[in-house]
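Numbering (our numbering), first residue to last: 7 to 414.
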């Protein structure tokens, strides 16, 4: 019973991410329809997977009410045309919802309870702003369990700037600019589109088709970023330009045992090595990925030097920079977010974890010299989540050639 099954990432997709609010492209679209669209697209491009072989559907949403409620994994499974025999459930770990959906079904697969599962998430922040309908216990403030602004994510990011003075606004703005530039280049080369599922949209002007992220700002400049207001603090450092916006979107992935993937003829894009979650002070929630990454590395028997590619969620530029500084990684290290990140494409909370994974899987395909990659993100209320993956395309000879070239 102590031998666990190998867990693999078969495939992942996402909808284009929209701008939250009445002017956003998904204002007239239901949240559950977004994730169902992602699931249908995922199954259509993996026709070798019989629908009845899906053992579980785990879907995340941060605000589980309205069109994001009603045990989303089960309702979306039915709406996506899966057999009624396929069960499902909903998950909430705020920003790391989709990441947790993957790690949750991965545990079931490793234990032998499942062979194949669908994991993902959705967030329609236009219909359901973060925290709407929540009723935080008054003890949090009265007993000073958390600071009064611990639930204001922008305020927690300002506190990271306070704690680490070397993380200046100029560094955050420059990082944000590079994120926009890299995302624009990924779209220009046609790379980003490979895992996007087009979504029909409806508005007062009629029907449309969403085929790219709505919030991209490829014309961003350092001058423009420097002139933005700091809404969370007078003369602060967090702006709309160096933080992810409020977004709508969905993701879905197929997670399986290595044995099931082989028997069904499913591709293996990544192999799960380890994962970890960690808690930190809610007032500086953005540093959460630092201890969760350290834990995941220990569990994997690796060091940060073994990680050849990083997909880090850019809730705020300063949050990513705090992790890079901690591990001694340069702000512009090409291994980090090669296609940019959430600052450019958006961050629909509970869906973002799988976006990181599907992008890392694409990078693995073109980097056989890289054996291990990391997906990591900060989580509201003071948490971090990290997942380490192995590249099935790894070529030891290619890695040695790269090492020799780097020493020259």
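Quick reminder that beta carbons are idealized off the backbone N, C-alpha and C, glycines included.
Per DSSP, the bridge partner or partners of residue i
{"i": "residue 62", "result": "123"}
{"i": "residue 395", "result": "278, 379"}
{"i": "residue 13", "result": "263"}
{"i": "residue 128", "result": "256"}
{"i": "residue 389", "result": "285, 385"}
{"i": "residue 19", "result": "258"}
{"i": "residue 137", "result": "Note: residue 137 sits in no beta bridge, so no partner."}
{"i": "residue 25", "result": "253"}
{"i": "residue 342", "result": "316"}
Beta-carbon contacts of residue i that lie in its chain and below 8 Å, excluding the five residues immediately before and after
{"i": "residue 432", "result": "Because residue 432 is not part of the residues shown, which for the chain are 7 to 414, the question remains open."}
{"i": "residue 77", "result": "94, 95, 96"}
Inter-residue spacing [alpha-carbon to alpha-carbon] between residue i and residue j
{"i": "residue 180", "j": "residue 228", "result": "7 Å"}
{"i": "residue 129", "j": "residue 157", "result": "18 Å"}
{"i": "residue 336", "j": "residue 327", "result": "9 Å"}
{"i": "residue 143", "j": "residue 196", "result": "47 Å"}
{"i": "residue 47", "j": "residue 413", "result": "44 Å"}
{"i": "residue 105", "j": "residue 386", "result": "14 Å"}
{"i": "residue 118", "j": "residue 108", "result": "15 Å"}
{"i": "residue 150", "j": "residue 394", "result": "35 Å"}
{"i": "residue 270", "j": "residue 55", "result": "7 Å"}
{"i": "residue 57", "j": "residue 38", "result": "19 Å"}
{"i": "residue 69", "j": "residue 99", "result": "10 Å"}
{"i": "residue 12", "j": "residue 258", "result": "20 Å"}
{"i": "residue 318", "j": "residue 362", "result": "7 Å"}
{"i": "residue 289", "j": "residue 280", "result": "27 Å"}
{"i": "residue 365", "j": "residue 391", "result": "17 Å"}
{"i": "residue 315", "j": "residue 380", "result": "6 Å"}
{"i": "residue 182", "j": "residue 18", "result": "26 Å"}
{"i": "residue 16", "j": "residue 43", "result": "18 Å"}
{"i": "residue 324", "j": "residue 225", "result": "21 Å"}
{"i": "residue 32", "j": "residue 403", "result": "47 Å"}
{"i": "residue 173", "j": "residue 331", "result": "9 Å"}
{"i": "residue 75", "j": "residue 207", "result": "21 Å"}
{"i": "residue 28", "j": "residue 139", "result": "19 Å"}
{"i": "residue 165", "j": "residue 191", "result": "32 Å"}
{"i": "residue 285", "j": "residue 175", "result": "26 Å"}
{"i": "residue 378", "j": "residue 60", "result": "28 Å"}
{"i": "residue 132", "j": "residue 73", "result": "12 Å"}
Exposed unless 16 or more other CB atoms sit within 10 angstroms - verdict on residue i
{"i": "residue 212", "result": "exposed"}
{"i": "residue 235", "result": "exposed"}
{"i": "residue 241", "result": "exposed"}
{"i": "residue 420", "result": "The structure shown does not extend to residue 420, since the chain spans only 7 to 414, so no value can be given for it."}
{"i": "residue 233", "result": "exposed"}
{"i": "residue 9", "result": "exposed"}
{"i": "residue 22", "result": "buried"}
{"i": "residue 215", "result": "exposed"}
{"i": "residue 135", "result": "exposed"}
{"i": "residue 295", "result": "buried"}
{"i": "residue 201", "result": "buried"}
{"i": "residue 141", "result": "exposed"}
{"i": "residue 299", "result": "buried"}
{"i": "residue 186", "result": "buried"}
Spatial neighbours of residue i in its chain, beta-carbon cut-off 7 Å, leaving aside the 5 residues before and after
{"i": "residue 111", "result": "62, 64, 120, 123, 125, 261"}
{"i": "residue 338", "result": "184"}
{"i": "residue 81", "result": "38"}
{"i": "residue 367", "result": "15, 18, 275, 276"}
{"i": "residue 71", "result": "134, 139"}
Beta-carbon proximity list for residue i, same chain, < 6 Å, skipping 5 on both sides
{"i": "residue 405", "result": "375"}
{"i": "residue 274", "result": "14, 267, 398"}
{"i": "residue 410", "result": "none"}
{"i": "residue 66", "result": "97, 103, 104, 107, 127, 356"}
{"i": "residue 188", "result": "345, 346"}
{"i": "residue 231", "result": "179, 247"}
{"i": "residue 221", "result": "25, 251, 352"}
{"i": "residue 333", "result": "310"}
{"i": "residue 1", "result": "The displayed coordinates of the chain run from 7 to 414. Any statement about residue 1 would go beyond what the structure contains."}
{"i": "residue 152", "result": "146, 288"}
{"i": "residue 306", "result": "279, 280, 394"}
{"i": "residue 40", "result": "21, 128, 256"}
{"i": "residue 243", "result": "167, 175"}
{"i": "residue 205", "result": "21, 43, 216"}
{"i": "residue 84", "result": "none"}
* Asked: Which ranges would you report for the alpha helix (DSSP H) in the segment 83-108 if only whole runs of at least 4 residues count?
  -> Unbroken alpha helix (DSSP H) runs of no fewer than 4 residues, entirely contained in the segment 83-108, are not found.
Please give the ranges of any beta strand (DSSP E) in the segment 177-223, keeping only runs that are unbroken, at least 3 residues long and fully inside the region. Those beta strand (DSSP E) runs which fall completely within the segment 177-223 and span 3+ residues are 205-209, 212-216.
Query raised in the report: Along the chain, which unbroken stretches of the beta strand (DSSP E) at least 3 residues long are found entirely within the segment 268-338?
Result: You should have 276-285, 313-318.
Problem set entry | Ranges of the alpha helix (DSSP H) found wholly within the segment 141-181, counting only runs of at least 4 | 145-148, 159-169, all fully within the segment 141-181.
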